[in-house]
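Visitor: My questions all concern the structure below.
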Amino acid sequence: MQLVSVRAAKPLGRAGFVVSRKSLPRAVDRNRLKRLLREMLRATRHEANVLDIVIRLKRPVPSHQFPEAVAEAARFIADAAAAASRARP
């Protein structure tokens, strides 16, 4: 999984997800992963508010490992938010 983040241009940050058909061939799996990622963002909104975020799935993830992938994305976001708060002028 790859995370690209920049400081939000507006008061509330935005988020986008890139989950290709090559990574997850079944639409139901792509949609489920994106739904889980959106729910994680809602839970960590106070951290992610200062960032514009794009989360990209680079390798296939079996559906039974979706929770681990979401936890990894949450760690990435927490690290990016901490770095953004340290870099504030």
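Following the working numbering, the numbering of the sequence shown begins with 248 at its first residue and continues without gaps. Just so you know, even glycine gets a beta-carbon here, dropped at the ideal spot from N, CA and C.
Check Arg-273 in the structure and name its three-state DSSP category.
Guide: In the structure shown, Arg-273 sits in coil (DSSP, three-state: anything other than H, G, I, E or B).
Visitor: Count the CB pairs spanning the region 253 to 266 and the region 295 to 304 that are closer than 8 Å, and state whether there are at least three.
Guide: yes
Visitor: Give the range of the alpha helix (DSSP H) segment to which Val-308 is assigned.
Guide: Here Val-308 belongs to no alpha helix (DSSP H), and DSSP marks it neither H nor E.
Visitor: Which term fits Glu-286, buried or exposed, when burial requires 16 or more other beta carbons within 10 angstroms of its beta carbon?
Guide: exposed
Visitor: Give a yes or no on whether the C-beta atoms belonging to Leu-250 and Ala-327 are separated by under 8 Å.
Guide: yes
Visitor: Would you mind sorting Glu-315 into buried or exposed? The rule is 16 or more other CB atoms within 10 Å of its CB.
Guide: exposed
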